[in-house]
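Numbering (UniProt numbering), first residue to last: 1 to 710. The beta-carbon is built from N, C-alpha and C at its ideal position, and this holds for glycine as well. These numbers were taken from a predicted model, which means no experiment stands behind them. Input: a single structure, listed below in structure tokens.
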């Protein structure tokens with residue numbers, strides 16, 4: 001695109017759209033355009049002096065030759081009046097608020113425009129219309145008769161100049177935010193100083209706007225124009241963000257590489273709001289690739305060990321565990337004592353990565369492994385830090401050792417089994433850790449229903465026999481009292497249906513009852529209640545809800561099973577193809593007919609079985625111990641039989657259609673629609689799993705097992 005084309009395009013946009021067609025972006029608050037408001041990352045509130053410094057920067061950026069030509073002498077009376085008018089109408093983003101403080105900026109503005117007009121006047125041979133001034137014909141002759149001072153010093157002329165300036169600024173903001181380089185290039189060709197001009201009230205240059213909008217091509221072409229200098233890349237907006245800061249916020253590594261390449265990879269040293277480095281901003285928002293790129297080749301240059309330690313903490317907080325490990329490795333190479341600290345380990349082990357539910361396991365099974373990978377990386381980082389704490393002599397591990405018991409208590413509260421196991425591996429004596437009220441980590445596991453931690457205690461027989469005798473001070477509750485209480489809401493919601501929630505409660509109570517001393521079953525706490533009393537009182541509502549849920553589910557399933565049995569019974573006496581004189585089917589030797597017979601018989605038997613099981617649930621006497629095995633088992637087997645009967649019915653239907661119509665298009669279309677019930681069954685497969693899984697897993701839940709490979 002030539003300079004002439006760019007000018008024509010810009011003038012056409014201004015004539016057709018005008019100022020009314022472009023939204024006034026100057027009235028927006030700075031925080032509307034910035035990702036880090038002042039209350040979050042500490043944007044700056046500017047004084048008049050700061051605003052003057054930012055606002056006059058554009059007008060002061062002249063070439064050395066022009067700066068030498070500008071005389072610092074005071075203007076005449078007429079010039080002073082003109083300058084005052086200019087000051088009152090300067091852009092809002094210029095930060096100019098006081099005529100007395102900004103007379104120099106206004107004077108420079110007028111002089112710079114006069115010089116540009118004078119330069120255009122001397123270049124009349126080519127008819128250059130960079131500033132929209134005709135240089136040919138009569139109008140050119142008439143303008144040549146006027147002096148630069150007379151044409152540029154009139155208030156009307158200055159008002160038109162500033163109005164045109166604002167229009168260009170609006171168009172430039174729109175082009176930079178939308179990535180329209182051709183439109184922006186036309187403006188730059190008219191006035192190259194626009195490449196570094198403030199075009200928003202937030203004191204943002206086109207580079208700021210395009211970097212935040214992720215317009216890579218725009219940024220690349222803008223930087224490659226040649227007018228951009230290193231100091232232009234360091235320009236900060238009103239919130240103290242450079243263009244690299246905004247690129248770090250958006251997470252666009254390619255834009256960051258373009259900016260750093262033009263600045264010799266030192267631009268990342270310039271801090272943003274409240275002294276926050278761009279790499280820290282990227283870490284806060286979880287942009288791992290950006291963090292890695294901003295750290296490359298910069299460790300030995302300007303990073304301090306305090307900054308690295310802070311960055312490692314931010315990476316742990318944002319789940320960037322692999323990058324945190326790399327930072328710790330670099331710090332070890334630099335002999336930093338902050339590579340491993342109690343604070344970092346505490347933040348890591350207390351992150352919410354507790355036991356995954358059935359839903360999480362099935363999600364991982366079907367291909368989503370993000371949560372599993374995150375847990376593996378976190379565990380790898382913990383083992384690495386604990387190993388460093390024991391092998392590196394330069395590290396100060398005293399604080400880690402002293403506060404390790406508190407770490408284990410927090411892990412037991414959180415339920416991170418793998419972290420719990422590895423802390424015990426490095427600190428075996430922590431198994432006896434208790435709170436001030438003699439509440440051990442295994443009491444905490446029972447209270448919060450952390451199954452794997454409890455099973456670990458179950459396998460440690462020597463520890464189990466002593467820890468189970470601990471009685472909590474003040475309340476005088478033993479471990480069985482804690483097992484009798486209602487489970488936390490997150491554990492209850494992990495199980496489908498009140499009946500299976502009741503099953504989990506009775507299984508926990510019975511499992512703890514087996515390992516505590518026999519006398520503890522009848523021990524009363526400070527309130528005079530035994531564990532059984534607490535169980536009956538707190539599980540009373542759950543027992544009633546479980547009975548209601550169990551019977552309503554059985555009633556609904558029995559209706560479906562009865563309909564299925566009716567269909568299968570009728571289809572058994574309807575033989576496709578008919579019978580011969582002796583009553584034998586004509587298609588008895590057909591292999592598909594044999595499959596039809598098998599599907600009809602199996603469907604009839606399975607539906608009848610499910611009816612009997614559901615009927616037993618409806619007529620059974622319900623008590624809390626019935627929820628442990630009998631009722632859940634009957635419901636699970638009945639639901640499996642019902643699903644099997646429905647599948648058999650659909651198969652029998654498809655085979656009957658095939659045998660009746662043969663190889664034609666009709667059975668093919670009907671079979672296609674017959675797949676809909678099968679698809680419905682696949683959608684409800686999760687419900688089947690949620691019913692079967694708690695039943696049989698709860699039965700085997702508290703069996704002694706080896707968890708060394710977990």
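For residue 292, the CB contacts under 7 Å within the same chain, skipping 5 residues up- and downstream, are 323 in chain order. Residue 382 sits close to residue 419, with the two beta carbons spaced by under 7 Å. Taken atom to atom, the span from the alpha-carbon of residue 311 to that of residue 283 is near 7 Å. Assignment of alpha helix (DSSP H) within the region 170–228, counting only whole runs of 4 or more residues, yields 181–190, 206–212, 216–224 in chain order. The Cβ neighbour count for residue 570, taken over all protein chains shown within 10 Å, is under 16; the residue is labelled exposed. Of all C-beta pairs linking the region 401–419 to the region 427–438, three or more are shorter than 8 Å, placing the two stretches in contact.
In the DSSP assignment, residue 565 falls within the unbroken alpha helix (DSSP H) covering 540–571. The Cβ neighbour count for residue 541, taken over all protein chains shown within 10 Å, is under 16; the residue is labelled exposed. Looking at the DSSP output, residue 273 shares a beta bridge with no other residue. A Cβ-Cβ separation of about 4 Å places residue 593 in contact with residue 587 under the 8 Å criterion. DSSP places residue 464 in the uninterrupted alpha helix (DSSP H) bounded by 461–467.
Relative to the Cα of residue 692, the nearest Cα in the group 650, 651, 634 belongs to 634.
Under DSSP, residue 405 shares a beta bridge with no residue. Judged by DSSP secondary structure, residue 443 falls within the alpha helix (DSSP H) whose first and last residues are 441–448. Taking a C-beta distance under 7 Å as the contact criterion, residue 643 and residue 554 do not qualify as a contact pair. Take residue 512, set aside five residues on each side of it, and the residues of its chain with a beta-carbon closer than 7 Å to its own are 446, 479, 480, 483, in chain order. Boundaries of the alpha helix (DSSP H) harbouring residue 647: 630–661, taken from the DSSP string. A check of alpha carbon separations from residue 475 across 602, 645, 526 identifies 526 as the nearest.
Under DSSP, residue 329 forms no beta bridge with any residue.
A residue is called buried when at least 16 other Cβ atoms come within 10 angstroms of its Cβ; residue 524 does not meet this threshold and is exposed. Taking 7 Å as the cut-off, the beta carbon of residue 214 is found no closer than this to the beta carbon of residue 163.
The Cβ atoms of residue 659 and residue 585 do not sit closer than 7 Å to each other.
Take the alpha-carbon of residue 439 and the one of residue 552: they are about 41 Å apart.
When C-alpha distances from residue 207 are compared across 177, 522, 493, the shortest belongs to 177. In this structure, residue 641 lies near residue 610, with their beta-carbon atoms less than 7 Å apart. The three-state reading of DSSP puts residue 609 in helix, counting H, G and I together. Residue 223 and residue 262 do touch by the CB rule: their CB atoms are close to 5 Å apart, below 8 Å. 211 is the residue among 228, 211, 499 whose C-alpha sits nearest the C-alpha of residue 247.
Distance check between residue 472 and each of 442, 352, 509 places 442 closest, using alpha-carbon atoms only. Linking residue 254 to residue 216 through their CA atoms gives a straight-line distance of about 7 Å.
A distance below 6 Å between beta-carbons, with the five flanking residues on each side excluded, links residue 463 to the following residues of its chain, in chain order: 431. Membership of residue 343 in the alpha helix (DSSP H) is indicated by the continuous run 342–349. Shown here, residue 304 sits in coil according to DSSP, grouped into three states, outside any helix or strand.
A direct Cα-Cα distance of roughly 24 Å separates residue 295 from residue 239. Excluding residues up to 5 positions away in sequence, 196 lie with their Cβ nearer than 6 Å to the Cβ of residue 232 in the same chain. In this structure, the alpha-carbon of residue 604 lies about 7 Å from that of residue 645.
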